[in-house]
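Chains as they are written, first to last, in the working numbering: chain A, 9 to 162; chain B, 25 to 751.
We put the CB at the ideal spot given by N, CA and C, even for glycine.
What you are looking at is a predicted structure, and each value in this text was computed from that prediction instead of being measured.
Before any comments, here is the structure.
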């Protein structure tokens with residue numbers, strides 16, 4: 009079936025079966041590989057993208073549910089003021105290790121800062137709970153979000 | 025020579041024309057260089073193009089532990105560059121040139137050795153390149169080379185200045201110095217500089233980093249493997265009627281070794297659905313049928329029997345009589361379950377055939393020589409016809425290095441059954457990773473420690489039983505001595521503690537699963553036992569746990585270094601003065617040449633929930649090449665040790681793994697540890713490991729803190745299964 013998507017500000021036509029997770033449309037059909045496959049059951053957050061500005065797990069979001077919505081992936085997050093601040097903070101603090109989960113971490117962090125411009129450590133822990141990092145970069149993720157909040161405040 | 029490069033580096037290299045100065049080593053270890061004009065084959069550590077582009081050729085894979093940055097730093101330091109003037113490529117597979125110096129003729133990353141075995145190699149290569157460039161410039165300018173230097177990529181001195189690229193052509197015709205002058209530590213600008221950032225951060229925050237999973241070759245097929253629930257089961261037939269209803273499904277075929285059924289599809293989602301729809305008949309007659317309880321029973325029984333090996337060749341009767349005469353005996357039995365590595369990027373690799381008859385493997389290859397040799401056998405091609413292109417790896421923790429190259433062999437077998445016209449990308453799901461994987465083996469320990477009236481240790485009887493990792497692998501000859509697999513006892517048999525009257529026995533139990541090194545290998549259980557026992561003995565002696573340990577670290581440099589991290593961690597943690605409502609636990613351990621002490625501070629209680637408030641860490645890993653990467657590795661190592669021991673285990677029922685995915689192998693989450701504070705000991709010793717040494721002390725320090733706050737002495741893991749809840 010043909011589906012039309014708004015992806016990173018552009019209209020895209022894709023051929024896919026109904027019920028195909030948005031994750032695999034983005035990765036295999038549209039060849040944007042910054043969005044990662046980690047578990048397939050919405051338990052790790054590596055596949056997080058934004059649907060109309062809200063973080064969702066793309067492994068559990070079907071292509072038909074994304075039609076008509078604006079999909080944003082890590083590849084376009086620098087166009088957003090918050091996204092660019094988070095990326096800057098992440099590089100300043102060298103948050104990443106293996107880096108495989110970090111697209112998802114950043115997409116969730118942007119979602120948090122959009123709702124809460126100055127989150128406390130506890131608020132960060134609560135919001136980011138679903139984004140797993142097997143390298144355990146959590147301390148720097150927490151610091152990175154607070155640093156991004158500072159950058160945005162300045 | 026073909027190398028895997030990031031797109032940015034590829035474009036840079038493609039733009040560069042003309043001469044290239046490459047400096048590396050000959051197979052005999054001598055420094056060698058070759059310019060574009062020579063015919064000599066050279067596999068370099070550094071490559072400098074005529075446009076001045078400097079590229080470090082990194083022989084270790086990057087799974088987040090930092091070698092891409094670290095080895096590039098060594099080259100940049102010795103040449104005289106800023107970090108933004110160097111980039112990196114991963115080395116091709118070449119076990120003669122890019123071997124790990126600690127592994128023999130074998131290229132691979134493991135045992136936290138990347139920096140330790142590369143430190144002098146890469147510095148020498150960088151220093152030789154510097155001297156050759158300066159000699160070329162000095163000749164052109166008619167000045168003494170000693171009057172010239174390279175600063176921030178510019179050759180300066182004698183009133184002149186020029187960019188590196190200007191002298192690449194001339195330098196590439198020179199013979200490299202046999203022993204280039206290395207910079208003195210006082211001259212270091214990059215080594216030890218905490219402001220040096222990771223080279224791979226920018227590509228990992230914008231989605232452009234290419235992991236093996238992200239490779240999409242034209243016309244590729246995606247393959248997933250249907251595997252038996254019980255290890256050792258063999259496929260005898262299948263019905264793919266259901267799979268044929270999946271759009272994008274291509275075909276299914278039993279692997280030549282019958283270990284599973286390969287499902288070929290046009291894309292990943294189709295492969296997943298088709299595999300789910302496949303029904304496979306298995307021959308389970310030689311499959312594992314035991315459950316975890318039986319595995320545990322065998323280990324526990326072995327602890328009570330006479331051990332197979334006297335690990336230290338010590339006098340068992342002396343230990344026995346010391347314990348008989350002791351004023352008090354402290355005794356504890358421990359059990360450690362199977363653990364999966366669960367790297368964030370599920371295992372995968374891609375294989376393609378080239379038009380000129382070569383086979384190319386694209387892989388986040390931890391030990392390239394393993395799959396290189398395996399593919400050479402499977403495809404019946406000489407080694408030079410097989411190319412391994414190392415890509416970024418989304419974590420590993422040991423999982424991407426198996427002695428039998430398990431997933432690369434699966435991909436090769438799936439590929440060999442095709443007409444080879446389409447590349448095959450093998451993809452594992454998280455379920456494959458947790459269920460069909462290789463595990464940290466289960467281990468048991470039983471320890472009896474005798475103390476005298478003053479609380480001093482008079483005898484230490486230590487029995488260990490579990491499944492050997494190294495036996496029946498190519499590493500057996502290197503690691504197994506007199507029947508003792510060192511990886512079963514490391515950290516206990518070679519502890520820096522000077523303990524009198526030690527007897528240590530080891531018994532191997534039957535392998536129920538594929539055993540594999542898991543971040544810190546044997547230290548994952550030996551450190552726990554040593555450090556919980558030291559705590560229990562100190563408590564029985566009525567003494568402070570830090571002071572008690574220091575009594576056994578009196579003489580020798582090994583002991584002094586261990587004592588110094590212990591004192592530093594205690595001082596930085598405010599040992600003994602925890603805030604109201606909090607308790608502390610401590611552990612210190614040497615592994616992979618490095619010394620790490622950790623103090624864990626907890627609040628709460630075991631029934632309502634323990635909260636990990638703070639972990640304070642002190643590490644001595646010799647020269648700290650990149651202090652911030654070292655801190656990150658300690659933070660990560662602590663998280664890895666604490667997370668698994670809090671709540672993870674792999675269990676078997678009737679030979680089948682009980683866990684499926686992250687919901688029942690729950691990762692450490694962001695709120696689990698509120699703060700980690702790492703301190704690095706100043707040192708001029710040679711660099712030692714950092715990827716693993718942060719892990720071993722973390723769980724015992726937590727266990728000791730839980731005991732200190734009134735919780736149980738945790739002698740079996742994971743903690744949540746043995747009476748402790750976490751907030």
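Residue i to residue j span [Cα, whole Å]
i, j, result
"residue 25 (chain A)", "residue 70 (chain A)", "10 Å"
"residue 572 (chain B)", "residue 612 (chain B)", "12 Å"
"residue 380 (chain B)", "residue 132 (chain B)", "27 Å"
"residue 427 (chain B)", "residue 364 (chain B)", "17 Å"
"residue 566 (chain B)", "residue 217 (chain B)", "43 Å"
"residue 103 (chain B)", "residue 195 (chain B)", "13 Å"
"residue 151 (chain B)", "residue 507 (chain B)", "44 Å"
"residue 152 (chain A)", "residue 625 (chain B)", "24 Å"
"residue 128 (chain B)", "residue 392 (chain B)", "14 Å"
"residue 95 (chain B)", "residue 106 (chain B)", "14 Å"
"residue 554 (chain B)", "residue 405 (chain B)", "49 Å"
"residue 71 (chain B)", "residue 142 (chain B)", "17 Å"
"residue 206 (chain B)", "residue 450 (chain B)", "45 Å"
"residue 153 (chain B)", "residue 186 (chain B)", "16 Å"
"residue 53 (chain B)", "residue 139 (chain B)", "18 Å"
"residue 140 (chain A)", "residue 622 (chain B)", "24 Å"
"residue 27 (chain B)", "residue 267 (chain B)", "Annotation note: pLDDT 35 at residue 27 (chain B) (below 50); position unreliable, no value reported."
"residue 210 (chain B)", "residue 175 (chain B)", "15 Å"
Sequence-distant residues of its chain with Cβ nearer than 8 Å to residue i (five each side left out)
i, result
"residue 632 (chain B)", "749 and 751"
"residue 476 (chain B)", "350, 351 and 482"
"residue 534 (chain B)", "322 and 491"
Close beta carbons around residue i, own chain, < 6 Å, minus the five adjacent residues each side
i, result
"residue 119 (chain A)", "63"
"residue 69 (chain B)", "48, 81, 146 and 149"
"residue 295 (chain B)", "246, 248, 287 and 289"
"residue 709 (chain B)", "646"
"residue 193 (chain B)", "43"
"residue 327 (chain B)", "468, 470, 487 and 489"
"residue 594 (chain B)", "570"
"residue 254 (chain B)", "308, 311, 312, 679 and 680"
"residue 162 (chain A)", "none"
Reduced DSSP category for residue i - H, G, I as helix; E, B as strand; rest coil
i, result
"residue 764 (chain B)", "Since the first residue of chain B shown is 25 and the last is 751, residue 764 (chain B) is not available in this structure."
"residue 589 (chain B)", "helix"
"residue 547 (chain B)", "helix"
"residue 466 (chain B)", "coil"
"residue 576 (chain B)", "coil"
"residue 732 (chain B)", "helix"
"residue 660 (chain B)", "helix"
"residue 504 (chain B)", "strand"
"residue 750 (chain B)", "strand"
"residue 209 (chain B)", "helix"
"residue 540 (chain B)", "coil"
"residue 135 (chain A)", "helix"
"residue 714 (chain B)", "coil"
"residue 673 (chain B)", "coil"
"residue 215 (chain B)", "coil"
Residues near residue i in its chain [Cβ-Cβ closer than 7 Å; skip 5 each side]
i, result
"residue 282 (chain B)", "258 and 259"
"residue 386 (chain B)", "236, 239, 373, 374, 413 and 415"
"residue 108 (chain A)", "44 and 54"
Bridge-paired residues (DSSP) for residue i
i, result
"residue 373 (chain B)", "B:387 and B:450"
"residue 258 (chain B)", "B:307"
"residue 638 (chain B)", "B:625"
"residue 474 (chain B)", "B:353 and B:483"
"residue 245 (chain B)", "B:448"
"residue 56 (chain A)", "A:65"
"residue 608 (chain B)", "B:625"
Check: residue i C-beta below 7 Å from any heavy atom of the ligand ZN
i, result
"residue 69 (chain A)", "As presented, the structure is devoid of all ligands, the ligand ZN included, so that no description of it is given."
Cβ pair count under 8 Å reaching 3, the stretch 129 to 145 of chain A against the stretch 672 to 679 of chain B
no
Please determine if the stretch 115 to 128 of chain B and the stretch 386 to 403 of chain B are in contact, where contact requires at least 3 C-beta pairs separated by less than 8 Å.
A contact exists between the stretch 115 to 128 of chain B and the stretch 386 to 403 of chain B.
I'd like to know if the stretch 509 to 522 of chain B and the stretch 540 to 555 of chain B are in contact, where contact means that at least 3 CB-CB pairs between them fall below 8 Å.
yes
Counting Cβ pairs, one atom from each stretch, are 3 or more of them under 8 Å apart for the stretch 82 to 92 of chain A and the stretch 225 to 232 of chain B?
Put simply, the stretch 82 to 92 of chain A touches the stretch 225 to 232 of chain B. At least three CB pairs are less than 8 Å apart.
Any chance the stretch 627 to 644 of chain B sits against the stretch 693 to 708 of chain B, with 3 or more Cβ pairs inside 8 Å?
Yes, they touch.
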